[in-house]
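Report on the following structure.
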Amino acid sequence: AQSVTQPDIHITVSEGASLELRCNYSYGATPYLFWYVQSPGQGLQLLLKYFSGDTLVQGIKGFEAEFKRSQSSFNLRKPSVHWSDAAEYFCAVDHSGNTPLVFGKGTRLSVIA
Amino acid sequence: KAGVTQTPRYLIKTRGQQVTLSCSPISGHRSVSWYQQTPGQGLQFLFEYFSETQRNKGNFPGRFSGRQFSNSRSEMNVSTLELGDSALYLCASSLNYGYTFGSGTRLTVV
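Respectively, the protein sequence lines represent chains W and A. When you line the first sequence up against my numbering, it's residues 4 to 116, in that order. When you line the second sequence up against my numbering, it's residues 401 to 510, in that order.
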């Protein structure tokens with residue numbers, strides 16, 4: 004069965020610092036890949052998605068992610084973090100575009116001054 | 401364009417009762433999926449409906465059921481509630497690829 008691993012449960016960064024959140028998936032072919040963000044008590048907001056083509060995808064709020072097939076990874080990055088980015092981030096996989104999303108356990112991001 | 405609307409936002413029920421949650425998808429979206437989110441298990445898929453038919457089902461007991469109406473609105477029902485059913489229930493709608501989530505219904509079972 005496909006799975007998604009987010010190795011970091013909690014990350015703390017200083018405001019203005021760069022950010023990278025890791026995501027690895029287990030699946031033979033190239034799946035559809037997503038990053039979502041969740042603020043406390045809220046639903047999930049889509050940051051970006053990758054289906055095919057250019058392996059570097061741009062999303063909302065200044066986020067980007069890079070798909071690396073050789074490493075089965077889809078890491079999320081932001082060059083300069085803002086305090087409002089503090090939230091929980093989820094990586095998700097859909098192996099065919101027509102199957103349920105499989106989510107990682109999430110990474111909680113804290114931002115300090 | 402209105403987003404995915406879930407009602408109610410909060411719910412408190414007693415063990416043994418049943419509950420019905422509602423989800424109105426984005427206009428034109430025919431697929432509706434339900435997820436359960438808990439601190440221990442994370443986000444787990446419950447079921448998906450497409451054009452009033454259940455297309456996919458997760459690994460949950462039969463106490464969890466759902467349906468979809470002709471206008472794509474969906475409901476999920478949980479019967480004989482248990483304490484462990486306390487969770488945030490999220491609904492997502494999809495047109496092609498990618499899912500838009502609602503704000504969820506927070507269910508507390510006491």
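Yeah, the Cβ is synthetic: ideal placement off N, Cα and C, and Gly gets one too. Remember, predicted model here, so these are calculated numbers, not experimental data.
Measuring only the C-alpha atoms, how far is residue i from residue j?
{"i": "Thr453/A", "j": "Ile115/W", "result": "47 Å"}
{"i": "Arg72/W", "j": "Leu59/W", "result": "12 Å"}
{"i": "Ala32/W", "j": "Thr110/W", "result": "25 Å"}
{"i": "Phe469/A", "j": "Val509/A", "result": "27 Å"}
{"i": "Ser55/W", "j": "Ala68/W", "result": "13 Å"}
{"i": "Arg506/A", "j": "Tyr53/W", "result": "30 Å"}
{"i": "Ile63/W", "j": "Thr102/W", "result": "24 Å"}
{"i": "Phe464/A", "j": "Gly504/A", "result": "16 Å"}
{"i": "Asn471/A", "j": "Val404/A", "result": "14 Å"}
{"i": "Ile14/W", "j": "Trp86/W", "result": "13 Å"}
{"i": "Gly466/A", "j": "Glu475/A", "result": "6 Å"}
{"i": "Asp88/W", "j": "Pro43/W", "result": "12 Å"}
Residues in its own chain within less than 7 Å of residue i by CB, not counting five upstream and five downstream?
{"i": "Ala20/W", "result": "Val84"}
{"i": "Gln450/A", "result": "Just to set this straight, residue 450/A is Phe in the shown sequence, not Gln. Within the same chain, Phe450/A has close Cβ partners Arg430, Ser431."}
{"i": "Gln444/A", "result": "Tyr435, Gln436, Gly458"}
Closest to residue i by CA distance: which of the options is it?
{"i": "Asn78/W", "options": "Ser99/W, Leu50/W, Ser17/W, Trp86/W", "result": "Leu50/W"}
{"i": "Gly416/A", "options": "Phe469/A, Leu483/A, Phe460/A, Gly498/A", "result": "Leu483/A"}
{"i": "Ser441/A", "options": "Arg455/A, Gly403/A, Tyr489/A", "result": "In the sequence as presented, Ser is not what sits at residue 441/A; that position holds Gln. Here the closest residue by C-alpha is Tyr489/A."}
{"i": "Leu499/A", "options": "Gln5/W, Glu18/W, Gly46/W", "result": "The displayed chain sequence assigns Tyr, not Leu, to residue 499/A. Among Gln5/W, Glu18/W, Gly46/W, the Cα nearest to that of Tyr499/A is on Gly46/W."}
{"i": "Tyr30/W", "options": "Lys81/W, Ser6/W, Ala90/W", "result": "Ser6/W"}
{"i": "Gly462/A", "options": "Ser472/A, Glu475/A, Thr480/A, Asn471/A", "result": "Thr480/A"}
{"i": "Glu24/W", "options": "Gly44/W, Pro103/W, Ser42/W, Phe66/W", "result": "Before going on, a small fix: residue 24/W reads as Leu here, not Glu. It is Phe66/W."}
Residues in its own chain within less than 6 Å of residue i by CB, not counting five upstream and five downstream?
{"i": "Asn27/W", "result": "Thr8, Ser75, Ser76"}
{"i": "Thr438/A", "result": "Ala487"}
{"i": "Glu448/A", "result": "Ser433, Arg455, Asn456"}
{"i": "Arg80/W", "result": "Glu23, Glu67"}
{"i": "Glu1/W", "result": "For chain W, the structure presents residues 4 to 116; residue 1/W sits outside this window and is missing."}
{"i": "Val105/W", "result": "Gln5, Val7, Val96"}
{"i": "Thr407/A", "result": "Ser422"}
Quick one: what's got a C-beta closer than 8 Å to residue i's C-beta in the same chain, skipping five residues either side?
{"i": "Ser17/W", "result": "Val84, Val114, Ile115, Ala116"}
{"i": "Val419/A", "result": "Leu411, Lys413, Asn477, Val478, Leu481, Leu507"}
Counting pairs of Cβ atoms below 8 Å between the segment 484 to 494 of chain A and the segment 413 to 431 of chain A, do you hit three or more? Yes, since at least three Cβ pairs between the segment 484 to 494 of chain A and the segment 413 to 431 of chain A fall closer than 8 Å, the two stretches touch.
Cβ contact check for the segment 95 to 112 of chain W and the segment 31 to 50 of chain W: 3 or more pairs under 8 Å: Segments in contact, yes.
Going residue by residue through the segment 406 to 471 of chain A, where are the continuous beta strand (DSSP E) segments of at least 3 residues, counting only ones entirely within it? 410 to 413, 419 to 424, 431 to 438, 442 to 450, 453 to 457, 464 to 468
I'd like the ranges of any beta strand (DSSP E) spanning at least 3 consecutive residues and lying wholly in the segment 48 to 89 of chain W. 59 to 61, 67 to 71, 76 to 81
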